[in-house]
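> Chains as they are written, first to last, in my numbering: chain A, 233 to 295; chain B, 1317 to 1540. From the three backbone atoms N, C-alpha and C, an ideal C-beta is built for every residue, glycine too. Here the structure is a predicted model, which means the values were calculated and not measured.
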Amino acid sequence: MLAWKEYPRTIGGLAKYLNWFKDFKRPRDLHTIAANTKNPHATVSLFGSNFEQNGNILSHSLE
Amino acid sequence: MGDNYLLTVLAALSEKPNFIPNLFTQKRYTAEGIFTIKVFVKGRPEDITVDDYFPVYSHQPAFAKPTIDGGWWIPLIEKAFAKVHVNYEMISSGTQAEAARFLTGAPAEEFQNNIQTSEEVLQQLQNAVKEDYLVTAASFNEWNGLVNGHGYIVKNVYTFKKSDGSETHIVKMRNPFKIIDGSQHWTGRYGADDHNSWSNELKTHVEFDSLKPGEFFMTIDDFK
Chain A
233 MLAWKEYPRT IGGLAKYLNW FKDFKRPRDL HTIAANTKNP HATVSLFGSN
283 FEQNGNILSH SLE
Chain B
1317 MGDNYLLTVL AALSEKPNFI PNLFTQKRYT AEGIFTIKVF VKGRPEDITV
1367 DDYFPVYSHQ PAFAKPTIDG GWWIPLIEKA FAKVHVNYEM ISSGTQAEAA
1417 RFLTGAPAEE FQNNIQTSEE VLQQLQNAVK EDYLVTAASF NEWNGLVNGH
1467 GYIVKNVYTF KKSDGSETHI VKMRNPFKII DGSQHWTGRY GADDHNSWSN
1517 ELKTHVEFDS LKPGEFFMTI DDFK
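Given below as structure tokens:
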């Protein structure tokens, strides 16, 4: 993920930057989009599948 | 995005049983995608309601990602935090104490490691761990595998008496973030690769063999 300061300060960069925030999606849409790719997303849940199985929230490898 | 101070505190709070689920009014992911999160704004309890539309980039959330097991609680809380602060840009820098106050309503204080001695830091950490306080730290340098600008969680402090009578104080830490390349793990004293410093007695004392992902040890001097 790019940091704010890394956004290219060009017309093209600005257009791309503005475009980011026109593109809003819901988790289930992202899940559907990724379903047939090399990196499918984990099933959407509020606290994660681990919590649903054993009540423990996973919070490692955060991005 | 620069809000890993918030993610660090969230990761630390997720270790407290039921703390994160209790922040949410909803207990499951609802079809409507509307969530109410109970937080503290300027010390007052507030319910912040957000929907689940996230800015995306390359078919991924542009800012915080869901957990590896599909939990979206972090992007939702991040969105509520951004909403309170007007937008995402306004939360691109901040302090862990500020995030802790927002999430817990409890007072938070910052260690002054740069002016305190190792003994003073040790005493503060020991007291905090004993009281079961939330303790987090941040690194402002690339040093021995610590990542500049990353947050870390302090899990415990151990004192071990060596055979010569001297004492060793080591701090158990956790890096909650994804390790992007192999160099992003602690390589200093008592790191996993430092075979010379570890004795079997010390490993048993600190339960070295039951380390969870991201956990590691360092001396109190290196912590300071």
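If you compare alpha carbons, which of N1320/B, M1406/B and N1516/B is closest to S1479/B?
Here residue 1479/B is taken as the residue at index 163 of the second sequence, counted from 1. It is N1516/B.
> What does I1431/B reach in chain A if we use C-beta pairs closer than 8 Å?
On the second sequence, position 115 is the one that residue 1431/B refers to. Under the 8 Å cutoff, chain A gives no residues; its nearest Cβ is about 30 Å from I1431/B.
> If you draw a straight line from the alpha carbon of H1501/B to that of I1495/B, how long is it in whole angstroms?
Within the second sequence, the letter at position 185 stands for residue 1501/B. Within the second sequence, the letter at position 179 stands for residue 1495/B. About 8 Å.
> Kindly list the residues whose CB is nearer than 8 Å to the CB of V1437/B, restricted to its own chain and excluding five residues on each side of it in sequence; keep chain order.
The count along the second sequence starts at 1 and reaches residue 1437/B at position 121. Same-chain partners within the cutoff: F1427, N1429, I1536, F1539 and K1540.
> For R1490/B, report the span of its beta strand (DSSP E) as first-last.
By 1-based counting over the second sequence, the position of residue 1490/B is 174. Note, R1490/B: beta strand (DSSP E), E1483 to R1490.
> Which ranges would you report for the beta strand (DSSP E) in the stretch 1350 to 1393 of chain B if only whole runs of at least 3 residues count?
Qualifying beta strand (DSSP E) stretches, in chain order: 1350 to 1357, 1360 to 1367 and 1370 to 1373.
> In the stretch 1390 to 1420 of chain B, which residue ranges form an unbroken alpha helix (DSSP H) of at least 4 residues, counting only runs that do not cross its ends?
1412 to 1420
> Measure how close the beta-carbons of V1522/B and K1488/B come, nearest whole angstrom, since I'm counting them as under 8 Å.
Residue numbering aside, residue 1522/B sits at position 206 when the second sequence is read from its first letter. Residue numbering aside, residue 1488/B sits at position 172 when the second sequence is read from its first letter. Contact flag correct, Cβ pair sits at about 7 Å.
> Measure the alpha-carbon distance for F1340/B versus H1485/B and round it to whole angstroms.
Residue mapping note: residue 1340/B aligns to position 24 of the second sequence, counting from 1. Residue mapping note: residue 1485/B aligns to position 169 of the second sequence, counting from 1. Using only the alpha carbons, I get a separation of about 38 Å.
> Under 7 Å Cβ-Cβ, which residues of chain B neighbour P272/A?
Residue mapping note: residue 272/A aligns to position 40 of the first sequence, counting from 1. Here the premise fails: no neighbours, minimum Cβ distance about 11 Å.
> Just checking my contact of T1352/B with D1363/B at CB under 8 Å: how many whole Å lie between their CB atoms?
Locating residue 1352/B in the second sequence gives position 36, where the first residue counts as 1. Locating residue 1363/B in the second sequence gives position 47, where the first residue counts as 1. That pair is a contact at about 5 Å.
> If A1380/B and E1394/B are in contact, beta carbons under 8 Å, what's the gap, nearest whole angstrom?
The sequence position of residue 1380/B within the second sequence is 64, counting from 1. The sequence position of residue 1394/B within the second sequence is 78, counting from 1. With a Cβ gap of about 4 Å, A1380/B and E1394/B count as contacting.
> Specify the secondary structure class of S1526/B as computed by DSSP and reduced to three states.
For the purposes of this step, residue 1526/B is taken as residue 210 along the second sequence, with counting starting at 1. Note: S1526/B maps to helix in three-state DSSP.
> Does the count of Cβ pairs from the stretch 1465 to 1478 of chain B and the stretch 1319 to 1337 of chain B closer than 8 Å reach three?
yes
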